[in-house]
Structure formats: structure tokens, C-alpha cells
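4 protein chains.
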Amino acid sequence: MTKNRLEAFSDGVLAIAITLLVIEIRPPEIGEGETLAHALWAQWPSYVAYLVSFLTIGVIWLNHHRIFTQVARVDGPLLLLNLNLLLWTALIPFPTAVVAEHLGDGGEPARTASALYCGVLLLMGLAFGALFAWVTHTDRLLHRLPPPGVVRAARRRFMLGLVVYAAALALSWLSAPLALALCGLMALYYAFDQASVPAAAEPHGQQPPGRSA
Amino acid sequence: MTKNRLEAFSDGVLAIAITLLVIEIRPPEIGEGETLAHALWAQWPSYVAYLVSFLTIGVIWLNHHRIFTQVARVDGPLLLLNLNLLLWTALIPFPTAVVAEHLGDGGEPARTASALYCGVLLLMGLAFGALFAWVTHTDRLLHRLPPPGVVRAARRRFMLGLVVYAAALALSWLSAPLALALCGLMALYYAFDQASVPAAAEPHGQQPPGRSA
Amino acid sequence: MTKNRLEAFSDGVLAIAITLLVIEIRPPEIGEGETLAHALWAQWPSYVAYLVSFLTIGVIWLNHHRIFTQVARVDGPLLLLNLNLLLWTALIPFPTAVVAEHLGDGGEPARTASALYCGVLLLMGLAFGALFAWVTHTDRLLHRLPPPGVVRAARRRFMLGLVVYAAALALSWLSAPLALALCGLMALYYAFDQASVPAAAEPHGQQPPGRSA
Amino acid sequence: MTKNRLEAFSDGVLAIAITLLVIEIRPPEIGEGETLAHALWAQWPSYVAYLVSFLTIGVIWLNHHRIFTQVARVDGPLLLLNLNLLLWTALIPFPTAVVAEHLGDGGEPARTASALYCGVLLLMGLAFGALFAWVTHTDRLLHRLPPPGVVRAARRRFMLGLVVYAAALALSWLSAPLALALCGLMALYYAFDQASVPAAAEPHGQQPPGRSA
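Chains as they are written, first to last, in this note's numbering: chain A, 1 to 213; chain B, 1001 to 1213; chain C, 2001 to 2213; chain D, 3001 to 3213.
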């Protein structure tokens, strides 16, 4: 089972999931004596939910890509753990739609929508953590095992995600908007953390021909 | 007609079909005096249907990938048989939506929805079996024909799928949830069976350069 | 502008268009005192439309692939002509949905739906013919110009498609189901015609490394 | 982080966004005593919006492809700037749907819909300009920095887009159809401008093996 087709399939699912988010933003219905501009403003939770989910799936893609750059071999458990990660990631448009519809309601609907959203992200985080743990538990699947310090730092980053998503889940009962903001901040943190990775971290076996010179 | 573009197109269709499943899970309408949490629980058939269909399409992808790893040459009938397989696989979101909507109704709607679902999976299984039979009927399309014992074992696995999907179809009239559970178990069995394939089964001609050393 | 990314983008659009067809088949609404089984049968035009459109887009993919196997160079007009072909192909789910909804109505709606469907296929056929004419008008874009007899035969096949789609468009006013059947037959003809192409037609420059030995 | 997977992911998102446009064109509801033909004509804004958005996303793909042909190295900021571009591009189906629904209404809804549409294109243009500025601010990410005249010309083209989209945004308050026509013209201009790029502009390091002879 070659790695290339696994990456292509995963990229496909992630690209589709991130692009499907937009179909949950519907043209608003204009109420009696209301302007379209007002109706568009009124559905701000849709835009917030789109933004947070887009960032989150984008970061999942960045992390997925980064891990698989190191992977040399794909075994059966990795296939299943990857499918499990895709299962939760592909589900994200659903809680996004629930948040878009109910965040503006306040009260129980807003709290429940936010808890559902954070809960799905938490399960996605657990799935991603399990995949990462499997990949790094020996050097069997990797080009070479990164230095222990690097692996430990990556595990801390995964742990941080789980703690933050769990905190956001709990925060949902106090303030749904704050819980969502926390999820958005998490994605932003991951995005900038990713972006700071030096290009040199790439394994030699994967370098494009033109770069060895 | 090169194999690469056939794989890329099939991967695309499978990745889209698996990701489209989520758009059948809609934010629930909240009834008079009902909480969102309750309304979300009430649509459990949607989640069950998503899970079973996601696993099923995931396993179709795994099997498809595994067969095409062995394929060296693509001929006309294989193109058509592959298109036929994609036709039934891409259809799966439809019976999934019917099950999601009617499994909770019980009675005739639940039975019919389940029968439709199992029927489409049976037709998909027949399409997949036909493709596999064509690929393995000579060694013309393969890198090399696997040992007869391996081919026979693979054919038994396909046969098992057909028998189980036919049994699930029949079971729909007794218990729709049991019939769906059977389809889910079938996908799980295939998933774990796939996962146990040793990496060494990969043909030499397909190994990435870095692995021959 | 390399050919690979053009093919990847086109494959993506075609794979998505073919898979999106399914979201036009909705779970039926069950009328008063009606069974789900009956309601499912009643929307047979949806299934017919899905089948014909799936075959048609599948054949577009086969033909697209076959032409681009021969292409060595991509120039500006080819980019635009390809985008034009994708424009009409990506539109197919819309007339498919109109046919699915109105074929069973008979009368004006069925006729108009069928005419719309055949009209879009005709425009797609014109777009495809223009692309093919551009590719084969000199040997500048090809690995080598195929023998004149082969090019003439291919042009006849394109012409046949245009004539048949125009005939189906006219036939819509007499019988919408017959017009659609004609579109379906056209796709089947192309599919089997494609399938009979010998594998040896592939240009040498495109053979994967392992096959030259 | 290799360039290939970035391109594959971007191609996926762009291919999906361009193909999703069609699901905003719905089969029309037929009013009392109305023909389907009339109802189809009545939703002309849907077709116009589809056409303009298809062209626009098609041109984004062409430009994206063209820039990345020159890119040799992907760093963190480029990843984020690319994700930002995809965020606005993947959003385009939403303002497209709003325009499709409200352009025919005239008055405030038409103006607001048009302003929303042009505003999203303007933000997309800013995102694209930022990506281009980052890529060309040194020669660190490129195979080699193109001649200053070429970079200046490309910057002028980006500037032109921003000016035109801003003008279209302002024009929305005078005439929504004119504003949209301006966006369509912009896409056409870019398409033909792209199409006129000589094939020789491709960097040597990227040439397919067969072309160096």
C-alpha cells in the first residue's frame, strides 16, 4: 500500500470538506420590511463558523502533510487510524452548520451547538493524536525517527490541542461565543506554529531533485 | 490509457462520495418546547447511516487501491467495469439519506429504506466482484498473477460480501436496524482484514525508489 | 504551463461533477396513505437522469483522457478551450435535476426539461469538438500527429455526437423519454467504442518506466 | 513541506469550488399558469452569476498555476497566504448564490448582492496580491527571479484587478448588472491575457523530460 495514494485520498477528503463548508452559508431570507444588507449581517454566526472551521481543517491539512512527509511506510493500523481521522474531519461541516444556525439564538441552543462543535473537534484531536502516536511509537514507519526532543515537542502540541478543545467544550456552558473563539485561537496558534517550521526539517529522501545542489 | 489517471479519477470520486455523506446530516428542526440537545439525539439514524456508509466507502477505497497496486495494464473492459463500480459507489449517499430519514419511523418505511440500502450495497458488491474477476482472469493485466491460493482467498472474501449483503437485504424485512448493523459489521471486517495485509505484498515494480536499498 | 496540472484540475472537476449528480436524488416525500416503496418508484426519472448523466460525464472523462494522452504541449487557446468544456460539463447536474423533477410531468415541462438537457449536451459536444479540432489542427501540440485516417475517424465520432444530440434536442418535442434514451444510447456507444481502443495506441513518450523493458 | 502537495490541495479546493457553483442553480418552481420554459428564463441571474464566477475561479486557477510553476520552495508564510487565498476563493459560491437570488429583484437587494459579490472578489484579489508579493519579494522561493520588467508587469496586472474590483464595488450602487458585467470582463481579460503567455516562459527546471530534446 503506497503512501502516495493515501496522501492523495486524504488530500481529496480534506479539500472537499474545507470547500463544502461554504454550502452551509445560505442566502438569507429577507423578512418583512427588512433590507438584504440587514439580513446578511444577521447571519454573522455563519461567517464566524465558516472562518473557524476553514482554519481548523486547513491546519489539519498542514499537520497531516507535515507528519506524512516523515512517513516512509504505511501499515494496516495506520490506514485505519487515518480513516478514523478523516471520519471526524469530514464530519466538521455538520457541527459548523448547527453552530451557524443556533449561535445567534443564545440559551440552550447556542450552548448545545457550541458543545457539539467543540466535542467533534475534541474527537478529531483524539483521532489525530492516536495516528501520531502510532507513527512515532517506533522507527518502523519513518524515514528515521526524529530526535526525541522533537517528538516530545510534537506530542506536547497535540496534548495542548486536546486540553484546549476539552476546555472549550466545558466553556460552552458558560459562553458559546467564547468557546468558539477559543477553537479559532487554537487553529490560529497551530497555523502560525506550522508556518514557523524551517524548510530544512524536510527529510533528505523527499527533496525534489533541484534542491540537492 | 495509463493507470495513473484511472486511479486519480477513482480516488477523486471515492473521496467526494465519502465526504458528501455529511451533507445529508442536517441541523435538526427544534419542535415546540424541545431542546436542541433532544432534537440532535432524535436524529440518531443519520449518525448511524453516516458511520456505516463512511466505513463502507472507506473499505471500497482500500480494496480498490489494493487491487490496482497489482494492475500493470488497463484495457477497455476494465475501464467500463471501473466506471460501473463508481456508478454504484457514488450512489451510496442517496440510500444513506433515505435510511437517515426513515430508519426511526419503523414499519414499512424503515424496512424499505433498509432494503434499498442493502440492495445498493449488493449491486456495488457485484460490480466490484466483476471488476476483480476481470482483472484476475488472466495475467495479461497484472504485474504477475498472484499465487492461485491468494486469488482464491480474495474471491472468497468477495463472495462473503455478496452473501452478507444479500442476507442483510433479506433481514431488512425482519429488522431494519439489524440489517444495517450487519452492513456495518461487514465493513469493519473488511477494514481489519485489509489492515492485516503485510506490506511485503506490494509488487516490486511499484516500490518507491528510496525503499529498494 | 505543464500538462499534468491541467489534467489534474480537469480530473478534479469531472470527478466532482459526476459525484454531485447524486445530491439531486432526494429522499422522496411520502404522501398520505402512500408507502415509501411507492414513493421511491414514483421518482424513477431521477434514477434515469442519474444514469444517463453519469454515463455521459464518464465518457467525457474517457475521451478527455484519451486526447490528452496524445498531447505534449499546452498553449493558451487550449487552456481556454478546456475551461470552456469544463464549464458545460460542470453544468450538467443542473439540467439533470430539471429532468429528474419534470420528466414524469409530461406535457410542456417534460418537453422543455428534455430540450434543456439535450441542449446542454449539444453545447458540451461543440466545446469538446472545438478542443479536439484545436489539438489536431497541427502537430505542434502533439507528441506526433496520428495518421490522417485516425484523426478523420475521431472527427467523425465527434460529428456523430453533435448530430445525435441535435436530433435528441429536436426529438424532445415529440417524446421527452425517447430523447433522453437517445442521449443514453450515445453515451453507451461512446463507452463501448472507447473500450475497444487497443492499449497499444498509447504514445511511447508516456509509458511508465517499468513497461519499456 | 513540498510544493507538490500544496498544489494538489489547492487544485482540489479550486476544482471543487468551481464545480459547486452549479448546485446554486436550482430547478425553478413553476408558478400558476406558467410554463417551465418561462420559469427557466426567469432565473437568468443564476446563469449570469454561474458564468462570471466560473470564469473568475478558472482564472484564479490559471494564475495560481502560473505563479507556482516558478516557485521552487514553500515556506511558512506562503502556506498561510495560500490558505488565505483559498479561504476567499472557496467562499465565492456564497455571494454567487446571493446574486443569483436577488439580482432580478432590483433596488436594495440587487445593489447589496452585487456589492457583496464585488467585495468578496476584492478581498480575494488582495489575498492573491499578498501571496504574489511574498513570492516575488526576494529570489529565495523561486527557481530564479524573473526579470524586473516581468515582475513589474505582473504586479500591474494584479493592481489592475484590485482597481477594477473596487470600481465594480462602487458601481454596485449605480447599477448592479453593470458591476457584475465589469467583474465578468475582468475575468475575460485575465483569461485571454493568460492564454497569450508563450509556452517558453516555463522555467527549465520544470520541463517534462521529453521536451528538452
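In this text, a Cβ means the ideal position worked out from N, Cα and C, and glycines have one as well. Predicted model only: the values in this text are computed from it and were never measured.
- The beta carbon of A:A168 is closer than 7 Å to those of C118, A179, L182, C183 in its chain, skipping five residues each way along the sequence.
- Counting only runs of 4 or more residues that sit fully inside the stretch 2087–2117 of chain C, the alpha helix (DSSP H) segments are 2093–2102, in chain order.
- By the C-beta density criterion, B:V1163 is exposed, having fewer than 16 other C-beta atoms within 10 angstroms.
- The three-state reading of DSSP puts D:V3074 in coil, since its state is none of H, G, I, E or B.
- Contact check for B:A1015 against A:F9 passes: the beta carbons are separated by less than 7 Å.
- At a cut-off of 7 Å, the C-beta of B:D1011 has a neighbouring C-beta in chain A.
- Residues of chain B with a Cβ closer than 7 Å to the Cβ of A:L103 do not exist, since the nearest Cβ in that chain sits about 11 Å away.
- Between C:L2141 and C:V2150, the C-beta gap is not smaller than 7 Å, which leaves the two residues out of contact.
- In the three-state reduction of the DSSP assignment, B:L1131 falls in the helix class, which pools H, G and I.
- Straight through space, the alpha carbons of C:H2065 and C:L2126 are spaced by roughly 18 Å.
- Fewer than three pairs of CB atoms, one per stretch, sit closer than 8 Å, so the stretch 1038–1045 of chain B makes no contact with the stretch 1081–1094 of chain B.
- Put simply, the CB of A:I18 is far from chain B, with every gap to its CB atoms at 7 Å or more.
- For a cut-off of 8 Å, the C-beta gap from B:A1097 to C:P2028 is around 10 Å, too long to register as a contact.
- Cβ proximity to chain B below 8 Å picks out E108, P109, T112, A113, L116 from the stretch 105–135 of chain A.
- With respect to B:L1021, B:S1053 sits close: the two C-beta atoms are nearer than 7 Å.
- Rounded to whole angstroms, the gap between the alpha carbons of C:V2013 and B:L1174 is 42 Å.
- If you check the CB distance, C:I2067 and C:T2089 do not come in under 7 Å.
- When rounded, the separation of the alpha-carbon atoms in B:E1034 and A:H102 is 14 Å.
- Just measuring C-alpha positions, the residue of B:L1055, B:L1091, B:L1040, B:H1137 sitting nearest B:Q1194 is B:L1055.
- Of all residues in the stretch 2077–2092 of chain C, only P2077, L2079, L2080, L2083, L2087, A2090, L2091 come within less than 7 Å of chain D when Cβ atoms are compared, listed by chain position.
- Straight across, the Cα-Cα distance linking D:A3166 with D:R3111 is about 14 Å.
- By the criterion of a C-beta distance shorter than 6 Å, B:A1170 is surrounded by no residue of its chain, once the five residues flanking it on both sides are discounted.
- Each of C:I2018, C:R2073, C:V2071, C:L2036 was checked against the Cα of C:L2051, and the nearest Cα belongs to C:I2018.
- In this structure C:F2192 is exposed. Its beta-carbon is surrounded by fewer than 16 other beta-carbon atoms within 10 angstroms.
- Only exposed fits C:A2133, as fewer than 16 other CB atoms lie within 10 angstroms of its CB.
- Going by C-alpha positions, D:L3091 is about 45 Å away from B:A1154.
- For A:T19, the enclosing alpha helix (DSSP H) stretches over residues 3–20.
- Of the candidates C:G2161, C:E2108, C:A2100, the residue whose Cα lies closest to the Cα of C:I2025 is C:A2100.
- With respect to the 7 Å criterion, A:S114 and A:A176 are classified as neighbours on the basis of their beta carbons.
- At a cut-off of 7 Å between beta carbons, A:L162 makes no contact with chain D.
- The beta-carbon of D:A3008 is placed less than 7 Å from the nearest beta-carbon of chain A.
- Of the candidates B:L1145, B:N1004, B:D1075, B:V1120, the residue whose Cα lies closest to the Cα of B:P1093 is B:V1120.
- Residues of chain D with a Cβ closer than 7 Å to the Cβ of C:V2151 do not exist, since the nearest Cβ in that chain sits about 21 Å away.
- Per DSSP, reduced to three states, the secondary structure at A:L142 is strand.
- Non-local beta-carbon contacts of C:K2003 in its own chain, meaning distances under 8 Å to residues more than five positions away in sequence, involve F2068, V2071, A2072, R2073, V2074 in chain order.
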